[in-house]
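Chemist: Chain order of the listed sequences is A and H. Residue numbering for the first sequence follows our numbering, starting at 1 and increasing by one per position. Residue numbering for the second sequence follows our numbering, starting at 116 and increasing by one per position. C-beta: ideal position from N, C-alpha, C; glycine also. These figures come from a predicted structure and were not determined experimentally.
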Amino acid sequence: GNSVTQMEGPVTLSEEAFLTINCTYTATGYPSLFWYVQYPGEGLQLLLKATKADDKGSNKGFEATYRKETTSFHLEKGSVQVSDSAVYFCALSEVYGGSQGNLIFGKGTKLSVKP
Amino acid sequence: DSGVTQTPKHLITATGQRVTLRCSPRSGDLSVYWYQQSLDQGLQFLIQYYNGEERAKGNILERFSAQQFPDLHSELNLSSLELGDSALYFCASSEWGQGADEQFFGPGTRLTVL
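1) Starting from the beta carbon of S209/H, find every residue of chain A whose beta carbon is closer than 7 Å, and list them in chain order.
2) Could you say which of S85/A, N102/A, F105/A lies nearest to S112/A if we only look at CA atoms?
3) Counting contacts by CB-CB distance shorter than 8 Å, is S93/A in contact with chain H?
4) Is the CB of S32/A under 8 Å away from at least one CB in chain H?
5) Exposed or buried, S142/H, counting other C-beta atoms within 10 Å across all chains shown (16 or more means buried)?
6) Can you check DSSP and say which residues form a bridge with E76/A?
7) Once the 5 residues before and after S195/H are set aside, which same chain residues still bring their CB inside 7 Å of it?
8) How long is the line joining the alpha carbons of V119/H and G223/H, rounded to whole angstroms?
9) Which residues mark the beginning and the end of the beta strand (DSSP E) in which F184/H is found?
10) Among E210/H, G214/H, F205/H, which has the Cα closest to the Cα of G41/A?
11) Taking the C-alpha atoms as reference points, what is the distance between G9/A and G108/A?
12) Listed in chain order, which residues of the stretch 48-61 of chain A have Cβ atoms closer than 8 Å to some Cβ of chain H?
13) Would you say E169/H lies against chain A (beta-carbon separation less than 8 Å)?
14) For L19/A and T128/H, I'd like the C-alpha separation in whole angstroms.
15) Whole angstroms is fine: what's the gap from Q183/H's alpha carbon to R170/H's?
16) Of all Cβ atoms in chain H, is any one closer than 8 Å to the Cβ of K110/A?
17) Taking 8 Å as the CB-CB limit, is Q182/H close to chain A?
18) Counting along the chain, where does the beta strand (DSSP E) carrying H125/H start and finish?
19) Using 8 Å for Cβ pairs, my map puts L44/A next to F62/A. What's the rounded Cβ distance?
20) Report the option in Y66/A, K52/A, W35/A, T70/A whose CA atom is closest to the CA atom of K60/A.
21) Taking C-beta to C-beta, are F105/A and V11/A nearer than 8 Å?
22) If we ignore side chains and look at the alpha-carbon of each, how far apart do F160/H and D200/H end up?
23) Taking Cβ positions only, does F18/A come closer than 8 Å to chain H?
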C-alpha cells in the first residue's frame, strides 16, 4: 500500500539556520505530494504541493521538489524564523482510482526555532 | 481561517457512550473528509464523502459512522466509545475531491474518553 516516511523530530534550529526535512514515499500510481503545517492549537494548512515529477512547490520561502527517481519530496528553507516553529507533515494523495483525494500522512516532524 | 467549522471544540465523555461530531465545509466545496490524529497512530484518514455520497473508507472502525447531508455538512458518529478513541478529529473539505486538490482543515474536535 501507499505510505509516507519522514524524518522524526523534534528538530531544533537557531533562527536563520538552513532547514531540511526528509520525506520519502511509496505509491503504486502517480500521486500528488503535499507538505502541510500545523501550528500549535490549530488545524493543518497546506504549505506547498507538487502534482507531477520534477515539479517544485514553493511558498513562504519553503521549497520541495517531486523526485520520482528517488521517491522523495524533501522540504527545505534557507533561513528559518521563530514563526516557522510548528509540526510539518508530508503527505500523498493518489490522483486516480477509488482512493483519490485521501491524504496519507507521514508521522510529522516538530520544528522548534530558537531566537 | 480555513472556512471549515467543526463543533464542538472539546468533548469529554465516558466509555460506552456515543457522540456526534459536526463539520461544515468551506463554501462551494463538495467533498468532506474525516481524519483522526492520535499520538500513537498519527494522522489517519477515516472516510470521505462527495456531494452526499460515501466515496472512500480508510481505517474507520465499525463503531464509527458518518454521513453528509444535502446542505453538505457532515457528521461523524462514534459509538461504544473506548479509551483508545481519545484523539483529535479533523474534518477537511475540498472542491472536487480529486487527488491534486488542496484540502482545507477545520480546527478539530478534541475527544477525551474517560
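Modeler: Inspection of the coordinates gives the following:
1) G101
2) S85/A
3) yes
4) yes
5) exposed
6) T20/A, E63/A
7) G131, R178
8) 10 Å
9) Taken as a continuous stretch (DSSP letters only), F184/H belongs to no beta strand (DSSP E), as it is neither H nor E.
10) F205/H
11) 8 Å
12) K49, T51
13) no
14) 41 Å
15) 11 Å
16) no
17) no
18) 125-128
19) Not really, about 15 Å apart at Cβ, beyond 8 Å.
20) W35/A
21) no
22) 14 Å
23) no
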